[in-house]
Structure formats: structure tokens, C-alpha cells
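Asker:
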Amino acid sequence: GAGVSQSPRYKVAKRGQDVALRCDPISGHVSLFWYQQALGQGPEFLTYFQNEAQLDKSGLPSDRFFAERPEGSVSTLKIQRTQQEDSAVYLCASSFSGGTGGEQYFGPGTRLTVT
Amino acid sequence: LAKTTQPISMDSYEGQEVNITCSHNNIATNDYITWYQQFPSQGPRFIIQGYKTKVTNEVASLFIPADRKSSTLSLPRVSLSDTAVYYCLVGVRDYKLSFGAGTTVTVRA
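Chain order of the listed sequences is A and B. The first sequence begins at 10 in my numbering and counts up by one. The second sequence begins at 16 in my numbering and counts up by one.
Following this line, the structure appears as C-alpha cells:
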């Protein structure tokens, strides 16, 4: 079956531009997560949705980062006024439930380069 | 969340067994130990999870001693396609996965 998909796979933005990154989770998965992965590092948690509710956004690095999941399926991560330090791979993951267990299914990521 | 320590990198050859040990001295009673694998240009992929003793699946084995202060991921008879970064995660109580830097395993022909 289809896994988690993300688009675009690559995005180049000039500093100061706004970007929107899309995530299509696995159908039926209740929980959706966004992570940021800097070069050579492991992914770091950004935010978590259960259905359409954003239950945790503690990992968002600044108020320029905004995520939404209005209908409880597709999610968009938006970054306003991009800065060079925003350059990273943005990973989306989904799971059937958001509870303990740890198994999250990741998409391939969107590599954002801010020039 | 329990802090984990694992080697930065490991080299191996095709057909060999690779063992990656992760230290987690302050693991809590309720914590599970989970390993993820990440290939270049892909997201992490769940490999295996365990609480104590030994867990085995079609991909790997996970050995956890009685004190649970460490764990060892064992990859039998590796091939070139097993070259990846392997992450040890402890304390996955809810939804926040904490990855660390992982261990880069390079398999050579």
C-alpha cells in the first residue's frame, strides 16, 4: 500500500520567502508528526497532530513555523520569512494511534535549502 | 527521556554480523528500547522494539541484559544494502521520538 508521501521533495527558497511543505499520511492514520533533520543529525520533533487537533507544537523553533491539518488527513508545514538556519530536511510521519509503541511511518522528507 | 550513547560509526564487510551497542544507564522502568534505520534520502524506518531479554524479527535481533542499562542490535549477515544510520531510542512514552546522532554503519564488499 501507499506509504507517507511528501511534496515537494526538494525546495530552494530565497531568504525571506515563505514556503509550504505538504504531507500525505497513510490512510486511516490518526496521528501525524513533523520532524526537522539537520545535516548529519538525527530528526528532531517539531509538532504532533491527532486527527485535526494540534496537540503539541513545542518543537517548532519559532513563530515563523506553522503547521495545520484541517481535515485530519493532509498536513502542511508552513515557514514564513525563511532564514538560512531553516535549511534542513523536513520529515513527516504518521501512525495509527498516537500512544506508546514508537512505531511511526516516515515519508522521504522535503529538503529545504534557503539561499 | 533516557539519554543514549552509541558509537558514531562502524565498518563491516558483506556476510558479517554487525552488533551495535547502545548505552542507556538511566532507563526508566516503563521505557521500551526501539531501533530505527535510515537510508540516505529516506525517512527513518522502524526495525525492532523490545523491553527485556531478546527479541528477533526478520530483519534483526535485539538483546537486552537484565539490568536494561544497555542493548545490542544485531544484524546478521549484512549486505551492502544494510549501509545506513541506525538510531537507538529509549523512553518512547508517547509520541515524541528522540533520535540522537545514530550510528553510521558502512558495509563494504
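Idealized CB from N, CA, C, for every residue including glycine.
So is residue 23 of chain B buried or exposed if we call it buried at 16+ other beta carbons inside 10 Å?
Answerer: Residue 23 of chain B should be labelled exposed.
Asker: Pick helix, strand or coil for residue 94 of chain A, following the three-state DSSP scheme.
Answerer: helix
Asker: Any beta-carbon of chain A closer than 8 Å to the one on residue 31 of chain B?
Answerer: no
Asker: In terms of DSSP beta bridges, what is residue 35 of chain A paired with?
Answerer: Looking at the DSSP assignment, residue 35 of chain A forms no beta bridge with any residue, so it has no partner.
Asker: How far does the beta strand (DSSP E) with residue 40 of chain B in it extend, from its first residue to its last?
Answerer: Per DSSP, residue 40 of chain B belongs to no beta strand (DSSP E) and is neither H nor E.
Asker: Using beta-carbon positions only, say whether residue 106 of chain B and residue 43 of chain B come within less than 8 Å of one another.
Answerer: In contact: residue 106 of chain B and residue 43 of chain B (Cβ atoms closer than 8 Å).
Asker: What are the residues in the stretch 63-80 of chain B lying within 7 Å of chain A by C-beta distance?
Answerer: From the stretch 63-80 of chain B, only 64 have a Cβ closer than 7 Å to chain A.
Asker: Cβ closer than 7 Å: which chain B residues qualify as neighbours of residue 54 of chain A?
Answerer: Within chain B, the residues near residue 54 of chain A are 111 and 112.
Asker: Do the CB positions of residue 112 of chain A and residue 104 of chain A come within less than 8 Å of each other?
Answerer: yes
Asker: What do you reckon, are the CB atoms on residue 22 of chain A and residue 91 of chain A nearer than 8 Å?
Answerer: yes
Asker: Which residues does DSSP list as the beta-bridge partners of residue 30 of chain B?
Answerer: Beta-bridge pairing links residue 30 of chain B to no other residue.
Asker: Would you mind giving the Cβ-Cβ distance between residue 68 of chain A and residue 54 of chain A, rounded to the nearest angstrom? I have them listed as a contact below 8 Å.
Answerer: 4 Å
Asker: Within 8 Å (strictly less), CB to CB, does residue 19 of chain A reach chain B?
Answerer: no
Asker: Taking only beta-carbon positions, decide if residue 118 of chain A is within less than 8 Å of chain B.
Answerer: yes
Asker: For residue 45 of chain A, which option in A/114, A/78 and A/86 has the closest C-alpha, if you only look at C-alpha atoms?
Answerer: In terms of CA proximity to residue 45 of chain A, A/86 leads the group A/114, A/78 and A/86.
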